[in-house]
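A.B. asks: Shown below is the structure under consideration.
Residue numbers (my numbering): 559 to 1161.
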């Protein structure tokens, strides 16, 4: 017969979504589990003794009629978790987080973990520093639909003896949720503006350097990612002596200032789709032809139309619109870079994609300078204090850990940018040096002054990027091939639009009110619930998933907030939520069809 430990290992091995780290040997050996004179199990660690119980928190309230995402802190109290499972709804999700190796090790050897398998719970048993990466991956699943129904349950030990760990875990979960909400939060109209730009810029794709051929093309060359934070003012001059001994990858905000200083960026990186990016950073500028523009198809079209040098148009990792485009154009190689949320992320993604190392960050403050008025380096559009004041007037600031210790003032958006850097560095195991010399601390980086970076890494001239790019071919695409692909997609989405219009009519016809019979309610709900098939249509189409993602997530969040009881109020609410989704779906599909038709004609 299989022993308990082997059975538990089999249970945990059967689900690849679990995250089990290597135990901290010191944490395990310093913890002793025993029984006191009163028969209570106790934990003795570092001369402290803690009574261990499995006592359910009676103040906890879950709603079995709703679909909730429940985070449980601590695995030792398995009886508490079993009670929690009995109380939760059948469609609720359970994530158990155990940051203490000693507790996980003890539970693995002494408790039956079959409840994890039977409840489809997901277990995280690793260092808290690994939690953001785990959550980032976990929320790529259907768990994203549960973000508005999150609950926390703290088992006895964590609510009685280790509140600090509990607070840290809750803070990390909230930060990642905010980051994910930001990633998925663009409006449908905003997504369609981006799609419109994509299609207008499609003609430029055949003249872009082939991104797949740029992969590791500049391996182990030091790359300086220059952002426009206020700390850049104190070390920008030093780039003069480093410019020929490293790659200079600049965000669009700072590109003109660098050129004015005689520091020609090898790459200038953009991400924003608005006309302001073109007006502020490109219109009327005379960038040297040695500089290469890097930006996705979403850029304001005039940026590509007028830029004098080479262009590189990367796809975007894990973004539906780009996955769709690659599929319809037959692009099978690695044409993506990590783009993230900002032009600084694009610049970082370029450095990572070309294999540069170390990647050196300067001007990456992600925080205010000496005052709330100091948001960017000098010599940029942000020297206009009236503009800066209007942009930041309504933004709430808060404190985060500083580069030199202590705290500095930051914002939610800057904090989300920092979270992206930290997860990207950890996930790709990159050698990144933060030489910003100010601003917020970025985890997983080495902190050095720019002078020390130069002394250690930038002593030898590197081959000019313009010469390297001469050996890189263009995208393997022809205009006629693109035109044919767009025509086919026009027909495909026209058919889906007609399907959405049919379901919208069916839902609108359901005339229900507070006097409707149970039979009528069930019949109406059956027809309303067929809208779930249209959620699946969206999920099966990368382009629709991208464009309708905000509306779909919001609709599903609202549906999950409705109790699973058939009564007039709930059915009428379900009708309105589904109808709202179908209305937006028909609108978006009408726009997509119109844009595809115009694109095919223009190509």
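Here a beta-carbon is modelled for each residue, glycine too, at the ideal position from N, C-alpha and C.
#1: Nearest CA to the CA of residue 965: which residue from 819, 926 and 989?
#2: Here's the rule I'm using: 16 or more other beta-carbon atoms within 10 Å means buried, otherwise exposed. How should residue 956 be labelled?
#3: Closest to residue 608 by C-alpha separation, out of 579, 661, 564 and 638, would be which residue?
#4: Per DSSP, which one or two residues make a beta bridge with residue 873?
#5: Is the CB-CB distance between residue 688 and residue 577 below 8 Å?
#6: For a minimum of 4 consecutive residues, which ranges assigned as the alpha helix (DSSP H) are wholly contained in the region 774-832?
#7: Beta-carbon within less than 7 Å of residue 886's beta-carbon, same chain only, minus the 5 sequence neighbours each way: which residues are those?
#8: Can you tell me the Cα-Cα spacing of residue 711 and residue 610, whole angstroms?
#9: Distance check for residue 924 and residue 788, CA to CA, integer angstroms please.
#10: Per DSSP, which residues does residue 983 bridge with? Please list them.
#11: Suppose you measure from the CA of residue 899 to the CA of residue 975; what does that come to, to the nearest Å?
#12: With residue 1161 and residue 792 assumed to form a contact (beta carbons below 8 Å), what rounded beta-carbon distance in angstroms separates them?
#13: Can you give the beta carbon distance from residue 917 to residue 781, rounded, assuming they're within the 8 Å contact cut?
#14: Around the Cβ of residue 845, are there at least 16 other Cβ atoms within 10 angstroms (buried) or fewer (exposed)?
#15: Using only alpha-carbon positions, find the residue among 869, 623, 798 and 729 that is nearest to residue 644.
#16: Looking at the structure shown, is residue 593 part of a helix, part of a strand, or coil, going by DSSP?
#17: Output needed for residue 1153: all residues of its chain with C-beta closer than 7 Å, excluding positions within five of it in sequence on either side, in chain order.
#18: Quick one: using the 10 Å Cβ neighbour count with 16 as the cut-off for buried, is residue 1146 buried or exposed?
#19: For residue 818 and residue 690, what's the separation of their Cα atoms in angstroms?
#20: Roughly how many angstroms lie between the CA atoms of residue 934 and residue 835, to the nearest whole one?
#21: With 16 as the cutoff for other CB atoms within 10 Å, does residue 872 come out buried or exposed?
#22: Between the Cα of residue 1110 and the Cα atoms of 720, 1094, 1120 and 798, which residue gives the shortest distance?
#23: Use the C-beta contact count for residue 1019: other C-beta atoms within 10 angstroms, 16 or more gives buried, fewer gives exposed.
#24: Do you know whose CA, among 678, 701, 580 and 715, lies nearest residue 633's CA?
#25: Roughly how many angstroms separate the alpha carbons of residue 1028 and residue 738, rounded to a whole number?
#26: By DSSP, does residue 1025 sit in helix, in strand, or in coil?
#27: Which parts of the region 1052-1122 are runs of the beta strand (DSSP E), unbroken and 3 residues or longer, counting only runs that do not cross its ends?
#28: Quick check on residue 714: does DSSP put it in helix, strand or coil?
#29: Which of the three DSSP states, helix, strand or coil, is assigned to residue 848?
#30: Who are the near neighbours of residue 664 in its chain, counting only those whose CB is closer than 6 Å to its CB and skipping five residues on each side?
#31: For residue 599 and residue 612, I'd like the C-alpha separation in whole angstroms.
#32: Apart from the five residues on each side of it in sequence, which residues of its chain come closer than 6 Å, Cβ to Cβ, to residue 615?
#33: Whose C-alpha, out of 635, 678, 1007 and 658, is nearest the C-alpha of residue 649?
#34: Based on Cα-Cα distance, which residue from 908, 676 and 1070 lies nearest to residue 767?
#35: Counting pairs of beta carbons, one from the region 1104-1121 and one from the region 715-727, are three or more of them closer than 8 Å?
#36: My output table needs one value for residue 725: the three-state DSSP class, helix, strand or coil.
C.D. replies: Answer, in terms of the structure:
#1: What you label residue 965 is simply residue 407 of the chain shown in a count that begins at 1. It is 926.
#2: Against the chain shown, residue 956 aligns to sequence position 398. Result: exposed.
#3: For the purposes of this step, residue 608 is identified with residue 50 of the chain shown, where counting begins at 1. Nearest neighbour of residue 608 by Cα position, chosen from 579, 661, 564 and 638, turns out to be 661.
#4: As a position in the chain shown, residue 873 is number 315, starting the count at 1. According to DSSP, residue 873 bridges with 894.
#5: In the chain shown, residue 688 corresponds to position 130, counting from 1. In the chain shown, residue 577 corresponds to position 19, counting from 1. At the C-beta level, residue 688 and residue 577 come within 8 Å of one another.
#6: Secondary structure in the region 774-832: the alpha helix (DSSP H) runs of 4 residues or longer, each lying completely within the stretch, are 810-818 in chain order.
#7: For the purposes of this step, residue 886 is identified with residue 328 of the chain shown, where counting begins at 1. If we look at residue 886 and ignore the five residues flanking it on each side, its Cβ neighbours are 1043 and 1047.
#8: Within the chain shown, numbered from 1, the residue matching residue 711 stands at position 153. Within the chain shown, numbered from 1, the residue matching residue 610 stands at position 52. The straight-line gap from Cα to Cα measures roughly 17 Å.
#9: To locate residue 788, count along the chain shown from 1; it is residue 230. To locate residue 924, count along the chain shown from 1; it is residue 366. Rounded to the nearest whole angstrom, the C-alpha separation of residue 788 and residue 924 is 9 Å.
#10: Counted from its first residue, the chain shown places residue 983 at position 425. Secondary-structure assignment with DSSP links residue 983 through no beta bridge to anything.
#11: Within the chain shown, the letter at position 341 stands for residue 899. Within the chain shown, the letter at position 417 stands for residue 975. Their backbone Cα atoms lie some 7 Å apart in a straight line.
#12: Sequence index remark: in the chain shown, residue 1161 carries index 603 (1-based). Sequence index remark: in the chain shown, residue 792 carries index 234 (1-based). So it is not a contact: roughly 49 Å between Cβ atoms.
#13: Mapped onto the chain shown, residue 917 falls at position 359. Mapped onto the chain shown, residue 781 falls at position 223. Residue 917 to residue 781, Cβ: 5 Å. Contact.
#14: In the chain shown, the residue the question calls residue 845 occupies position 287. Residue 845 comes out buried.
#15: Here residue 644 corresponds to residue number 86 of the chain shown, with the count starting at 1. Ranked by how close their Cα comes to the Cα of residue 644, the residues 869, 623, 798 and 729 have 623 in first place.
#16: Position 35 of the chain shown, counted from the start, is the residue given in the question as residue 593. Strand, per DSSP.
#17: Taking the chain shown and counting its residues from 1, one reaches residue 1153 at position 595. Contacts found: 753, 754 and 757.
#18: The sequence position of residue 1146 within the chain shown is 588, counting from 1. Burial state of residue 1146 is buried, judged by a 10 Å Cβ sphere holding 16 or more other Cβ atoms.
#19: In the chain shown, residue 818 corresponds to position 260, counting from 1. In the chain shown, residue 690 corresponds to position 132, counting from 1. Residue 818 and residue 690: Cα-Cα distance of roughly 40 Å.
#20: Within the chain shown, numbered from 1, the residue matching residue 934 stands at position 376. Within the chain shown, numbered from 1, the residue matching residue 835 stands at position 277. At residue 934, the pLDDT of 48 sits below 50, so the modelled position is not reliable; the number obtained from the coordinates is stated separately. Looking at the two C-alpha atoms, the distance is approximately 16 Å.
#21: Here residue 872 corresponds to residue number 314 of the chain shown, with the count starting at 1. Counting other Cβ atoms within 10 Å of its Cβ, residue 872 reaches 16 or more and is therefore classed as buried.
#22: As a first step, residue 1110 must be located in the chain shown, where it is residue number 552. Minimum Cα distance to residue 1110 is reached at 1094.
#23: Stepping through the chain shown from its first residue, residue 1019 is reached at position 461. With fewer than 16 other Cβ atoms within 10 Å, it is exposed.
#24: Walking along the chain shown from the start, residue 633 turns up at place 75. For residue 633, the nearest C-alpha among the options comes from 715.
#25: Taking the first residue of the chain shown as 1, we reach residue 1028 at position 470. Taking the first residue of the chain shown as 1, we reach residue 738 at position 180. A direct Cα-Cα distance of roughly 39 Å separates residue 1028 from residue 738.
#26: Taking the first residue of the chain shown as position 1, residue 1025 is located at position 467. The DSSP-derived three-state label of residue 1025 is helix.
#27: Listed in chain order, nothing qualifies, since the region 1052-1122 has no complete beta strand (DSSP E) run of 3 or more residues.
#28: Within the chain shown, numbered from 1, the residue matching residue 714 stands at position 156. Looking at residue 714 - three-state DSSP - the assignment turns out to be helix.
#29: To locate residue 848, count along the chain shown from 1; it is residue 290. In the displayed model, residue 848 falls within coil according to three-state DSSP, outside both helix and strand.
#30: Position 106 of the chain shown, counted from the first residue, corresponds to residue 664. Closer than 6 Å at Cβ, skipping near neighbours: 591.
#31: By one-based count along the chain shown, residue 599 stands at place 41. By one-based count along the chain shown, residue 612 stands at place 54. Taking the straight line from one Cα to the other gives about 10 Å.
#32: Residue numbering aside, residue 615 sits at position 57 when the chain shown is read from its first letter. For residue 615, where only same-chain residues beyond five positions count, there are no Cβ hits under 6 Å.
#33: Counting from 1 along the chain shown, the entry for residue 649 is found at position 91. Minimum Cα distance to residue 649 is reached at 678.
#34: Numbered from its first residue, the chain shown carries residue 767 at position 209. From the listed residues 908, 676 and 1070, the smallest Cα separation to residue 767 is found for 908.
#35: In the pairwise beta carbon analysis, the region 1104-1121 is classified as not touching the region 715-727: fewer than three pairs are separated by under 8 Å.
#36: Residue numbering aside, residue 725 sits at position 167 when the chain shown is read from its first letter. Looking at residue 725 - three-state DSSP - the assignment turns out to be helix.
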